[in-house]
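Have a look at the structure below before the remarks.
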Amino acid sequence: MTVQPIRLFGDPVLRTAADEVVTFDKELRGLVRDLTETMRDAGGVGLAAPQIGVGLRVFSFDVDDVVGHLINPVLHFPDEEEMDGDEGCLSVPGLYYDTKRRKNVIAKGFNESGDALQIVGTGLMSRCIQHETDHLDGVIFIDRLDTASRKTALRDIRRADWYDPAKTIVKVSPHAAPSPFGLGR
Numbered sequence: 001m002t003v004q005p006i007r008l009f010g011d012p013v014l015r016t017a018a019d020e021v022v023t024f025d026k027e028l029r030g031l032v033r034d035l036t037e038t039m040r041d042a043g044g045v046g047l048a049a050p051q052i053g054v055g056l057r058v059f060s061f062d063v064d065d066v067v068g069h070l071i072n073p074v075l076h077f078p079d080e081e082e083m084d085g086d087e088g089c090l091s092v093p094g095l096y097y098d099t100k101r102r103k104n105v106i107a108k109g110f111n112e113s114g115d116a117l118q119i120v121g122t123g124l125m126s127r128c129i130q131h132e133t134d135h136l137d138g139v140i141f142i143d144r145l146d147t148a149s150r151k152t153a154l155r156d157i158r159r160a161d162w163y164d165p166a167k168t169i170v171k172v173s174p175h176a177a178p179s180p181f182g183l184g185r
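Residue 145 in the UniProt record's numbering sits at position 145 of the sequence shown, and the numbers go up by one each step.
So, in structure tokens, the structure goes:
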């Protein structure tokens, strides 16, 4: 297991949709371990493979003492209930913004051995699953903010000491306004 460097806002890998995992092997198990160790080292609750420069549909999570991972996630929303709350990202360190998400999610995918897996999430687990799955689609949480909040976030990012303007790619949300939930998965 190795702690990997986390890619920061502006790195093109964060704006690229990840490929589905088709081979469940030793390398994949190593990636899952690296994701989990890197996430824990950084103090996060989730980490997606693109955040460490790997373009595969894999993420790890550690929410309310539940540690795990999900490969090739597909999300379903059992209702329309939403929640607001502070959200941050290891790829946008130190910055948090009120972000609207679905309160409940059912995520289906696979574990590192290729066995089918289903996670039912509410609250923080739901937020984490949606956030990490967005990363797999090349979406960063600030893309989900309303226009005024997104402008504030981009201003704050430009002022951050870790910001590198040479790498910045700004993307308009792929989700229709005003609702940020045009997920249809």
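Note that beta-carbon positions come from the ideal geometry of N, C-alpha and C, so glycine has one too.
Whole angstroms is fine: what's the gap from Thr23's alpha carbon to Gly88's? As a first step, residue 23 must be located in the sequence shown, where it is residue number 23. As a first step, residue 88 must be located in the sequence shown, where it is residue number 88. Those two C-alpha atoms are separated by around 31 Å.
Give me the Cα-Cα distance between Ile71 and Val105, rounded to the nearest whole angstrom. Counting from one through the sequence shown, the residue named residue 71 turns up at place 71. Counting from one through the sequence shown, the residue named residue 105 turns up at place 105. In a straight line, the C-alpha of Ile71 is about 16 Å away from that of Val105.
Is Lys108 helix, strand or coil by DSSP? The residue labelled residue 108 in the question sits at position 108 within the sequence shown. Here Lys108 sits in strand by DSSP.
If we count the other Cβ atoms within 10 Å of its Cβ and call it buried at 16 or more, is Ser126 buried or exposed? For the purposes of this step, residue 126 is identified with residue 126 of the sequence shown, where counting begins at 1. Buried: at least 16 other Cβ atoms inside 10 Å.
What do you get for Arg155, buried or exposed, if any count of 16 or more other CB atoms within 10 angstroms of its CB means buried? For the purposes of this step, residue 155 is taken as the residue at position 155 of the sequence shown. So Arg155 counts as exposed.
Expressed to the nearest angstrom, what Euclidean distance is found between the alpha-carbon atoms of Ser149 and His135? If you number the sequence shown from 1, residue 149 lands on position 149. If you number the sequence shown from 1, residue 135 lands on position 135. In a straight line, the C-alpha of Ser149 is about 19 Å away from that of His135.
Which listed residue (His76, Val21, Asp25, Val66) has its alpha carbon closest to that of residue 187: What the structure shows of the chain is the stretch from 1 to 185, and residue 187 is not part of that stretch, so it cannot be assessed.
With 16 as the cutoff for other CB atoms within 10 Å, does Gln118 come out buried or exposed? Counted from its first residue, the sequence shown places residue 118 at position 118. Result: exposed.
Nearest candidate by alpha-carbon position, reference Phe77, set Ala42, Glu27, Lys108: Within the sequence shown, numbered from 1, the residue matching residue 77 stands at position 77. Nearest of Ala42, Glu27, Lys108 to Phe77, Cα basis: Lys108.
Would you call residue 186 buried or exposed, if buried means 16 or more other Cβ atoms sit within 10 Å of its Cβ? The question about residue 186 has no answer here: the residues shown for the chain are numbered 1 through 185.
Nearest CA to the CA of Glu82: which residue from Phe141, Pro5, Gly123? If you number the sequence shown from 1, residue 82 lands on position 82. Per the Cα distances, Gly123.
Using a 10 Å radius around the Cβ and a threshold of 16 neighbouring Cβ atoms, would you call Arg159 buried or exposed? Mapped onto the sequence shown, residue 159 falls at position 159. With fewer than 16 Cβ atoms within 10 Å of its Cβ, Arg159 is classed as exposed.
Best match in Gly10, Gln4, Thr99, Asp146 for proximity to Met39 [C-alpha to C-alpha]: Taking the first residue of the sequence shown as 1, we reach residue 39 at position 39. It is Gln4.
Sort Asp143, Gly55, Lys151, Val120 by Cα distance to Arg68 and report the nearest one. Residue numbering aside, residue 68 sits at position 68 when the sequence shown is read from its first letter. A small correction: the amino acid at residue 68 is Gly; Arg does not occupy that position in the sequence shown. Of the listed residues, the one whose Cα sits closest to Gly68 is Val120.
Leaving aside the five residues before and after Gly30 along the sequence, list all residues of the same chain whose C-beta is less than 6 Å from its C-beta, in chain order. For the purposes of this step, residue 30 is taken as the residue at position 30 of the sequence shown. Counting only Cβ-Cβ distances below 6 Å, and skipping sequence neighbours, we find nothing.
Which same chain residues, not among the five before or five after Gln16, have their C-beta less than 8 Å away from its C-beta? Looking up residue 16 in the sequence shown gives position 16. Note on residue identity: the sequence assigns Thr, not Gln, to residue 16. Result list for Thr16: Pro50, Gly55, Gly138, in chain order.
Assumed close pair Ile140, Ser91 - CB separation to whole angstroms, cut-off 8 Å: Residue mapping note: residue 140 aligns to position 140 of the sequence shown, counting from 1. Residue mapping note: residue 91 aligns to position 91 of the sequence shown, counting from 1. At roughly 7 Å, the Cβ-Cβ gap stays under 8 Å, so Ile140 and Ser91 are in contact.
If the criterion is Cβ atoms closer than 7 Å, does the pair Leu8 and Trp162 meet it? Here residue 8 refers to the residue found at position 8 when the sequence shown is read from its first residue. Here residue 162 refers to the residue found at position 162 when the sequence shown is read from its first residue. Cβ distance < 7 Å, so Leu8 and Trp162 count as in contact.
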